[in-house]
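So the protein sequences, as listed, match chains A and B. Each number in the working numbering comes from the position in the first sequence (counting from 1) with 4 added on. Each number in the working numbering comes from the position in the second sequence (counting from 1) with 4 added on. Scroll down for the structure; my scribbles are underneath it.
2 protein chains.
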Amino acid sequence: MEDTQVARDNTVARRAGGRSAVDTAAGRILDLIRARQLNVGDVLPTERELSEITGASRNTVREALRTIRTYGLIEPKPRVGAVLANGQSIAIQNFFAAHMDVSRSSFADIQGFRRIIEVGIGDHIVLNATSEQIEALDEINGRIVDSRSIEEAAENDFSFHMALIGLADNRMLTDMYSFLSPVILRIMTIGKEMRPVLADTRAAHGEIIAALRARDRLAYAYLMSRHLDFALRFLPEEPASET
Amino acid sequence: MEDTQVARDNTVARRAGGRSAVDTAAGRILDLIRARQLNVGDVLPTERELSEITGASRNTVREALRTIRTYGLIEPKPRVGAVLANGQSIAIQNFFAAHMDVSRSSFADIQGFRRIIEVGIGDHIVLNATSEQIEALDEINGRIVDSRSIEEAAENDFSFHMALIGLADNRMLTDMYSFLSPVILRIMTIGKEMRPVLADTRAAHGEIIAALRARDRLAYAYLMSRHLDFALRFLPEEPASET
DNA sequence: GGAACTTATTGTTGGACCACAATGAGAGTC
DNA sequence: GACTCTCATTGTGGTCCAACAATAAGTTCC
Numbered sequence: 005m006e007d008t009q010v011a012r013d014n015t016v017a018r019r020a021g022g023r024s025a026v027d028t029a030a031g032r033i034l035d036l037i038r039a040r041q042l043n044v045g046d047v048l049p050t051e052r053e054l055s056e057i058t059g060a061s062r063n064t065v066r067e068a069l070r071t072i073r074t075y076g077l078i079e080p081k082p083r084v085g086a087v088l089a090n091g092q093s094i095a096i097q098n099f100f101a102a103h104m105d106v107s108r109s110s111f112a113d114i115q116g117f118r119r120i121i122e123v124g125i126g127d128h129i130v131l132n133a134t135s136e137q138i139e140a141l142d143e144i145n146g147r148i149v150d151s152r153s154i155e156e157a158a159e160n161d162f163s164f165h166m167a168l169i170g171l172a173d174n175r176m177l178t179d180m181y182s183f184l185s186p187v188i189l190r191i192m193t194i195g196k197e198m199r200p201v202l203a204d205t206r207a208a209h210g211e212i213i214a215a216l217r218a219r220d221r222l223a224y225a226y227l228m229s230r231h232l233d234f235a236l237r238f239l240p241e242e243p244a245s246e247t
Numbered sequence: 005m006e007d008t009q010v011a012r013d014n015t016v017a018r019r020a021g022g023r024s025a026v027d028t029a030a031g032r033i034l035d036l037i038r039a040r041q042l043n044v045g046d047v048l049p050t051e052r053e054l055s056e057i058t059g060a061s062r063n064t065v066r067e068a069l070r071t072i073r074t075y076g077l078i079e080p081k082p083r084v085g086a087v088l089a090n091g092q093s094i095a096i097q098n099f100f101a102a103h104m105d106v107s108r109s110s111f112a113d114i115q116g117f118r119r120i121i122e123v124g125i126g127d128h129i130v131l132n133a134t135s136e137q138i139e140a141l142d143e144i145n146g147r148i149v150d151s152r153s154i155e156e157a158a159e160n161d162f163s164f165h166m167a168l169i170g171l172a173d174n175r176m177l178t179d180m181y182s183f184l185s186p187v188i189l190r191i192m193t194i195g196k197e198m199r200p201v202l203a204d205t206r207a208a209h210g211e212i213i214a215a216l217r218a219r220d221r222l223a224y225a226y227l228m229s230r231h232l233d234f235a236l237r238f239l240p241e242e243p244a245s246e247t
């Protein structure tokens, strides 16, 4: 009898709030994390406790936790509870991996986004970057040909572009690139798998650096635009088959 | 008897594959989508059928569906089943919301970001936008002076810029601006509170539209850059506090 | 100090009920 | 007879519960 009561009450609450019980629970759990100032490594209350706190059943709490988990914010750990994590990378990667199966335009979209950004920051860099910063770019660029694996090459490639972003001196941009880094890395990896000529990448970067040295914003825009468009040409039409 | 068998088999499979039953189920469902060539609008089998197909319990299937749903790939529809959707936009916005702390970026950062983006999309718009699209911008721009409140003016202002972003034809950009819309709206509201001359905004937009009509990319870049920089001058230096 | 045991927690299952919407059967009307 | 409206049926997702298995931290015993 009481279980029926609970069920009916929850249903009413759901309809009233317009949100499902799972959404409500997820929101409360996120509020809890915020309110308790929990950081990476801290543990959440147990599912049963969360069930009491949120007023939802354990199953509902589990679905809510599953959502938060998909965001990479928590990592379940048997016996101890869910641990706050920054599984951002894996989460984003999974996110895009799941989407590549359905929509294939994502790669192109991201490359287009990069093109706008990395071409667009040219003016600021040309005007404000110090010679030391530009030479630091050159140093990073040199690592690419030393890479001993595709993955390492992709990481070094990304490091170069990330350093470039850093010169824009804009926190939102930096955050955004960090956020997108797993996907960009994956794009680079695929590109290098299809056309593993590291020297070309280095040369293209080198031209860009030269344009920066010369404080030539037009050359920078042209070269960067060409560089990113070039990468796009080697991306597969079909989705990347993951395992 | 058989259920016990199934349970034990699943447990074994889980330990062998190193993946949980939920992950396995999610993988099989995604395989199913791929194998059946399901497109947006098509329906998945019911949860109970998926339970039979994947060999997992309905609760496990539900958690798997919850993951896929968090990715924005499906949308549950009562009585019909889960429908394939392209909720990538909303999903990625949720990802942004869960991971990116906009409040830590300053107004200047966000305006700088906007400057890069909105100037950067000029080339694409000049080359690809139809005359009808440009006239639509003009129509939106006309609403600004009709606004009867600061908030309404800010919304109309944002609509103009959002429409501009839409012309870039890049989903990631559109998603990003949707995600940032509350903050941008706030910036615009503050700006208009400090300098409530709507005619100026409209005039600046009008010049930009004129540049687009003339397919003059240099004029566009100059005018847009000036327009955004101008707004920045009237903003306080505090960080963008959200909500 | 190390090994076996206890125990609390997550993982998974099966079953139950509710609200809701589509379907179709049946009554009523022309 | 054909059509329309009403309403019960039915099937679906949403939520809840109780139970057991697997796991690892904590505890006790040697």
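C-beta: ideal position from N, C-alpha, C; glycine also. If you're wondering where the values come from, they're calculated on a predicted model, not measured in any experiment.
Query: Quick one: residues in its chain with C-beta nearer than 8 Å to the C-beta of A235 (chain B), no 5 flanking neighbours on either side, listed in chain order?; Result: Q115, I191, M192, G195
Query: Beta-carbon within less than 6 Å of R219 (chain A)'s beta-carbon, same chain only, minus the 5 sequence neighbours each way: which residues are those?; Result: V130
Query: Who pairs with V47 (chain B) in a beta bridge, going by DSSP?; Result: B:V87
Query: Less than 8 Å between the beta carbons of G170 (chain B) and G124 (chain A), yes or no?; Result: no
Query: Going by C-alpha distance, which of B:N174, B:D233, B:Y181, B:G45 is nearest M166 (chain B)?; Result: B:Y181
Query: Give me the Cα-Cα distance between N145 (chain B) and T71 (chain B), rounded to the nearest whole angstrom.; Result: 41 Å
Query: Is there a Cβ from chain B that is less than 8 Å from the Cβ of E67 (chain A)?; Result: yes
Query: If you measure beta-carbon to beta-carbon, which residues of the segment 45-69 of chain A are closer than 7 Å to chain B?; Result: N63, R66, E67
Query: In three-state terms, what does DSSP make of P186 (chain B)?; Result: helix
Query: Span of the beta strand (DSSP E) holding I78 (chain A)?; Result: 78-81
Query: Using alpha carbons as the reference points, say which of B:V44, B:N174, B:L216 lies closest to S135 (chain B).; Result: B:L216
Query: Secondary structure at S110 (chain B), three-state DSSP: helix, strand or coil?; Result: strand
Query: Using alpha carbons as the reference points, say which of B:L177, B:G85, B:V47 lies closest to S110 (chain A).; Result: B:L177
Query: Could you run through the segment 174-204 of chain B and flag, in chain order, every residue whose CB is less than 7 Å away from some CB of chain A?; Result: N174, R175, M176, L177
Query: Enumerate in chain order the residues of its own chain whose CB-to-CB distance from L4 (chain B) is below 6 Å, with the five nearest sequence positions on each side excluded.; Result: Here chain B covers residues 5 to 247 and nothing more, so residue 4 (chain B) does not appear.
Query: Using a C-beta cutoff of 8 Å, does G3 (chain A) count as contacting chain B?; Result: Examination of residue 3 (chain A) is not possible in this model, given that chain A is present from 5 through 247 alone.
Query: Is the shortest distance between the beta-carbon of T28 (chain B) and the beta-carbons of chain A less than 8 Å?; Result: no
Query: Quick check: the Cα distance between G260 (chain B) and D127 (chain B), rounded to an integer number of angstroms?; Result: As shown, chain B starts at 5 and ends at 247. That puts residue 260 (chain B) outside it, with no answer to give.
Query: In three-state DSSP terms, what is I125 (chain B)?; Result: coil
Query: To the nearest angstrom, report how far apart A89 (chain A) and R147 (chain B) are at their CA atoms.; Result: 46 Å
Query: Can you pull out the residues from the segment 66-92 of chain A whose beta carbon lies closer than 7 Å to at least one beta carbon of chain B?; Result: R66, E67, R70, T71, T74, Y75, L77, Q92
Query: Indicate, with yes or no, if the ligand MN has a heavy atom lying under 7 Å from the CB of K196 (chain A).; Result: In the structure on display, the ligand MN does not appear, and there are no ligands present to speak of.
Query: Using a Cβ-Cβ distance cut-off of 8 Å, determine whether A102 (chain A) contacts chain B.; Result: yes
Query: Provide the residue span of the alpha helix (DSSP H) that contains V26 (chain A), from first to last.; Result: 25-39
Query: With a cut-off of 8 Å, does the C-beta of G31 (chain A) fall near any C-beta of chain B?; Result: no
Query: Rounded to a whole number of angstroms, what is the C-alpha to C-alpha distance between F117 (chain A) and I57 (chain A)?; Result: 42 Å
Query: Whose C-beta lies closer than 6 Å to the C-beta of Q92 (chain B) among residues of the same chain, with five residues either side of it excluded?; Result: G76
Query: Which stretch, first to last residue, makes up the alpha helix (DSSP H) that contains S153 (chain B)?; Result: Run containing S153 (chain B): none; DSSP gives neither H nor E here.
Query: Measuring alpha carbon to alpha carbon, tell me which of A:A39, A:I33, A:I37 ends up nearest R66 (chain A).; Result: A:I33
Query: Does the CB of F162 (chain A) have a neighbour CB from chain B at under 8 Å?; Result: no
Query: Would you identify the three-state DSSP class for N174 (chain B), choosing helix, strand or coil?; Result: coil
Query: How about L202 (chain B) and V149 (chain B): are their beta carbons less than 8 Å apart?; Result: yes
Query: How would you label L222 (chain B), buried or exposed, when you count the other beta carbons within 10 angstroms and need 16 or more for buried?; Result: exposed
Query: How big is the Cα-Cα spacing for G45 (chain B) and S163 (chain B)?; Result: 29 Å
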